[in-house]
Amino acid sequence: MSNRIKPYDQIDYMIINELSKNARASAALIASKINVNERTVRRRINNLIDTNAIRITTIVDPGKFGYQSIADINLKVEQEVYENFIESCKKNPNVCYIATGWGKANLAIETRFLNNEEMYDFINFTLSETEGVEVINFFIIPKIIYNIDQWLPTSTDFKE
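Okay, so the sequence shown: first residue is 2 according to the working numbering, each after it adds one.
If you want it as structure tokens, here you go:
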């Protein structure tokens with residue numbers, strides 16, 4: 002059994018499950034489905050949002066907009082250019098994920114492009130010619146099987 006703190010309970014778990022099915026569900030609808038007072042549901046949703054446990058957001062499918070070429074790229078970025086490089090990645094519409102890492106690579110980015118030629122040019126020219134940035138490795142993603150927006154905590158992650 003884990004000793005970690007479990008700040009949320011089974012009511013929160015049920016609310017999260019309902020929101021994962023329909024993030025636009027009203028507090029009244031959720032309350033009726035889980036048999037809890039509507040005010041309680043509304044308060045709990047606000048708390049989950051305020052504590053950053055959940056975000057109510059729009060998830061866009063890049064493929065529906067023609068972004069079919071996906072690459073995960075691991076980079077070694079020198080400290081002198083690190084922050085500026087991250088800011089430039091945030092502004093690049095082809096970069097959809099940035100994470101720091103340990104090991105030979107210290108930065109990972111996920112990229113999406115309209116076609117393989119754009120992806121090729123970004124990896125082989127844009128990144129490779131950026132001072133202080135070295136492409137350690139990359140892999141092309143032909144198909145995403147399971148994505149972060151599908152992940153949910155289990156009931157054991159919540160207090161009884």
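C-beta: ideal position from N, C-alpha, C; glycine also.
Because the structure is a prediction, the values reported are computed rather than measured.
Check                                                                                                                                                     : Outcome
Determine, using beta carbons only, whether E39 and A28 come nearer to each other than 8 Å.                                                               : yes
Tell me which residues share the same chain as I35 and place their Cβ nearer than 8 Å to its Cβ, disregarding the 5 neighbours each side in the sequence. : I12, M15, I16, E19 and V42
Could you compute how far the alpha carbon of K7 sits from the alpha carbon of I149?                                                                      : 21 Å
Helix, strand or coil: how does DSSP classify T112 here?                                                                                                  : strand
Taking G64 as the reference, which of F114, T157, A24 and I124 has the closest Cα?                                                                        : F114
From S156 to T58, what distance separates their C-alpha atoms?                                                                                            : 23 Å
Please look up how many angstroms separate the CB atoms of V82 and E135, rounded, as I've assumed it's under 8 Å.                                         : Not quite, the Cβ-Cβ distance comes to about 11 Å (not below 8 Å), so this is no contact.
May I ask which residues mark the beginning and end of the alpha helix (DSSP H) holding D73?                                                              : No alpha helix (DSSP H) holds D73; the beta strand (DSSP E) holding it covers S70 to V78.
To the nearest angstrom, how far is it from the Cα of D158 to the Cα of R5?                                                                               : 9 Å
When you compare only the Cα positions, how much space is there between L76 and F66?                                                                      : 27 Å
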